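Under the UniProt record's numbering, the first residue of the sequence shown is numbered 1, with each subsequent residue one higher.
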Amino acid sequence: MQLPTSLIWTILTLLSPILSTAEGLASNNASLLWGPYRPNLYLGIRPRVPESLLMGLMWGRLEEVERRMAGYGWTAYDTRNGGTQTIHDAGNMIDIITEFVKISEGQSAGNWGLRVRGIPREDAIPGLKTSVVFYVAIEGMRTCGACQLEAVTTKKGSGDDMDVDAVEIQVKHPGLGASAIHIPNPIGSERNGRVDQTKTHEGTYVKSINATEDMLWQSKSEDLVIKNEPGRGNMHFVQLVFQDRFEFDILYSSKSATRSITSVELSREIQSSLGSCRAKFLSVFNPALHFGSSSYINFSHALFSNLLGGLGYFYGKTKVDESHAPEYDERGPWFWEEIAQAKLKAQAKARGPYELFTHVPSRPLFPRGFLWDEGFHLLPVLDWDIDLALEVVRSWLALMDGHGWIAGEQILGPEARSKVPPDFQIQYPHIANPPTLFLVLSAFIDRLSRKTKYFGHPSHYLQAETGQELLAEIYPLLNRHYDWFRRTQSGDVEAHSIPQASLGEGYRWRGRTPHYNFASGLDDYPRAEPPDPTELHLDALCWVGVMADALQKVAEFMKYDEDVPKFQSHATAIAQNIDVLHWSQTDDAYCDALVWEDQHSFTCAKGYISLFPFITGFLGPDHPHLNATLNLIYNDEKLWTHYGLRSLSPTSTLYGSRDNYWRSPIWININYLVIERLLDLASKLGPHQEKCRKIYTKLRRNVVETVYKSWLETGFAWEQYNPETGQGQRTQHFTGWTALVVKIMAFPDLENGNGVSGRIGSLIKGEGGDQRWSARGVVLVVLLVGFVHLTRRRFAGLWRSMTMKGKH
């Protein structure tokens, strides 16, 4: 009998989730070398090599046009293989479909292919003419003696009727070797019998120029039809003019590859990669029963594909204020005014160049790295491809300075800076950001120690030896950042005169101004007004707890026995101070604190801040304040809405006021953390287990439905959602942490409690299940058991060999 594709993938994953070290490292680097790593463009391709090739795609009608985009995004995408993107260009009356596929060969740079298709929209004018321009540029050519970029054309016809038949751009670069970019004739002989998808190809034109470095990334074609002037240069434009529908290929072949890629091979790889991408997605994130229809699955797959499609490679210098002005210590009563004056006097310096491999929150509006966001981005990526997620973590940690600081916003190079107002480009080494990468580290340790099952891409970091080598590499950096955070964001606990408090565990975000606390990530969430040096911020304390817990896990796994007691004592003191310093009996909630009129006082705007002890794991099943926190969550006069948890309770006088950024809207990242914690508590015995199960079930469904319905209506995921209507708002195409909905959909259904399905799921997938397990899943288990029975002897041998390899 033939097994279902998803089951075959699951079995293969179980048989070989771990690569050998040499094979894994080589394939990891090669398969991540190329990609659409310029996420600010509809399609921009480059390698993870500094000062090398930049490529992009432009198109338009051959007349004036209104610029209107009806929607765009990846419908299927895998970072290692490629995928399909559809761009609904209403202004140009055409839908553009790009299909990008990579073919890597071990340590070779490998090949890739791009197919571009255009389909006139229903309202298109008859005989619609579309001009498509593919451009290639090479950075730093003036200082690179070994670099070469030359466009060569082959001609057809004779005399005055001679036209360009095909284009080849020859490339030489020290970091890439020798290669060629081939653009065959869209209706030429190289199609080898493929059905013709181009109605009329009116011509191909090539122009080679030498442009200044600052112009390479901002390429625009002003000419309707460019002149044919191929040759050498650091920038080349290839224009193809079509009437009605069209299709053409761009084929990149490395000279180190065993053979060049062809259009026929590209067709085969497109079909193969799309099919396998869908099967892989369902094996990792198969939505639970309630979300199991094809419409929900398409939504979930598209959302996750756009998260992956927002991965970018950035290179360049960043602006840093290294003045270390004494005003930045924030000691005076009006410290923010003194800081504003100090900033005017300071001279920011360009530092770097640095490189960063990171996902972006939103391709059109925020196409750069954000530390606060990236940890959330990587939680679903870790389920899908551990090695990719850890490559990104390593890239971020490489940005750390000698003191342990990582800039929260990475604006590297002129292309990234073009999207940021000048006043926001300068980074300050005393400003922190929520250390969400420690969430990823903790989740990785759970998989490495086999506490949580893994069903994603084969991983070499899951091999005990290689995983330990990685941890040995990054542990000192994580420790340095931990110490830096504790030192630079420390709060004045002693000023609060609470005898039971641990004096070393209280924190205050630096950089506060009236009405804002940008460093916390919750920009305008209500805090003490005016800002005060005695403030103690609850969320900052909880984030230190997250770091301490993750580092303790690493120390225990690596047997760094001398470090374990330190992190244990820190975590114990943090848990103590959460209750001693931040629990307000009067408000029946956790709050920020400050000294007011010589008394320990609270700033208690009930909302997301109040939930931080809960979402960071400090409230166990028997904690005395768990029920009060659950009541804050599950109360429609406070945080509960039919669409998810709002960021601030309507009982606050500041609800919905001023910028209203974190003062009412629903944010998916915080809702995700709440849902994940509810799921954990619903699986543990305690007086509130059933209550957690009930809230989990309703909140999970509400959040998914909110994002899903808005996606159906608008075609986009959004930055936040309106608590009154559920409609998406602020930034559209926000496929960063809003993509956490993919994980929420894959969480188990608990409507009927932990029945047989739930118990089987926990056995197969591990406690805390980050995978869905429903009736359909049970059927797959039965099939899998039958398969194992038939091949039990082979499984026994594999198990013995894997057990021996996994010992450490």
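Yeah, the Cβ is synthetic: ideal placement off N, Cα and C, and Gly gets one too. The model shown is predicted, which means the values in this text are computed figures rather than measured ones.
- The Cβ neighbour count for Phe285, taken over all protein chains shown within 10 Å, is at least 16; the residue is labelled buried.
- Taking a contact as a CB-CB distance under 8 Å, the pair Trp372 and Thr318 does not count as one, their CB atoms being some 17 Å apart.
- Taking the C-beta atoms as reference points, Ala30 is found nearer than 9 Å to Ser104.
- For Gly408, no alpha helix (DSSP H) encloses it, and the DSSP letter there is neither H nor E.
- Residue range 263-285 is occupied by the alpha helix (DSSP H) that includes Ile270.
- The stretch 164-177 and the stretch 132-152 touch, with no fewer than 3 CB-CB distances between them shorter than 8 Å.
- Here Ser283 really is in contact with Phe455; their C-beta atoms are around 6 Å apart, less than 8 Å.
- Under the DSSP assignment, Ile633 falls in the alpha helix (DSSP H) whose first and last residues are 626-633.
- Within the stretch 308-382, the alpha helix (DSSP H) runs of at least 4 residues that lie entirely inside it are, in chain order, 335-345.
- Contact between the stretch 479-490 and the stretch 574-592 is absent: fewer than 3 CB-CB pairs across the two stretches fall below 8 Å.
- Listed in chain order, the non-local C-beta contacts of Leu503 below 6 Å within the same chain comprise Val493, Glu494, local neighbours out to five positions each way being set aside.
- About 5 Å separates the beta carbon of Ile119 from that of Asp95, a gap short enough to meet the 8 Å contact definition.
- Each residue's CA atom was taken as its position, placing Ala211 and Tyr135 some 13 Å apart.
- Under the criterion of beta carbons closer than 8 Å, Tyr354 and Leu399 qualify as touching, at roughly 6 Å.
- In the assembly as shown, His403 is an exposed residue. Its beta-carbon has fewer than 16 other beta-carbons within 10 Å.
- Between the C-alpha atoms of Gly369 and Pro531 there is a straight-line separation of about 28 Å.
- Short of 6 Å from the beta carbon of Arg512, and not among the five residues preceding or following it, lie these beta carbons of its own chain, in chain order: Pro531.
- Counting C-beta pairs closer than 8 Å gives three or more between the stretch 704-720 and the stretch 735-745, which meets the contact rule.
- For Leu538, the enclosing alpha helix (DSSP H) has its first and last residue at 538-557.
- Taking 9 Å as the cut-off, the Cβ atoms of Lys691 and Tyr608 do not count as close.
- In the structure shown, Val564 falls within a helical segment according to DSSP collapsed to helix, strand and coil.
- Taking C-beta atoms as the reference points, Thr629 and Pro613 count as a pair closer than 9 Å.
- Secondary structure in the stretch 456-497: the alpha helix (DSSP H) runs of 4 residues or longer, each lying completely within the stretch, are 464-488 in chain order.
- Counting along the chain, the unbroken alpha helix (DSSP H) around Gln689 starts and ends at 689-714.
- Across the structure, His623 and Gly617 are spaced so that their CA atoms are roughly 11 Å apart.
- Under DSSP, Val741 forms no beta bridge with any residue.
- Between Pro422 and Met745 a beta carbon distance of about 41 Å is seen, past the 8 Å cut, so the two are scored as non-contacting.
- Around Lys199, the same chain offers Phe242, Gln243, Asp244, Arg245, Phe246 as residues with beta carbons nearer than 8 Å, after the five sequence neighbours per side are excluded.
- When secondary structure is reduced to three states using DSSP, Asp446 falls in the helix class.
- Taken atom to atom, the span from the alpha-carbon of Asp78 to that of Leu478 is near 29 Å.
- His570 counts as buried, since at least 16 other C-beta atoms from the protein chains shown sit within 10 angstroms of its C-beta.
- The three-state secondary structure of Tyr296, taken from DSSP, is helix.
- Per DSSP, the beta bridge partners of Pro120 are Ile94.
- Nearest C-alpha to Asn627 among Ile474, Arg677, His688: His688.
- Among the bridge pairs identified by DSSP, Lys172 is matched with Gln148, Ala178.
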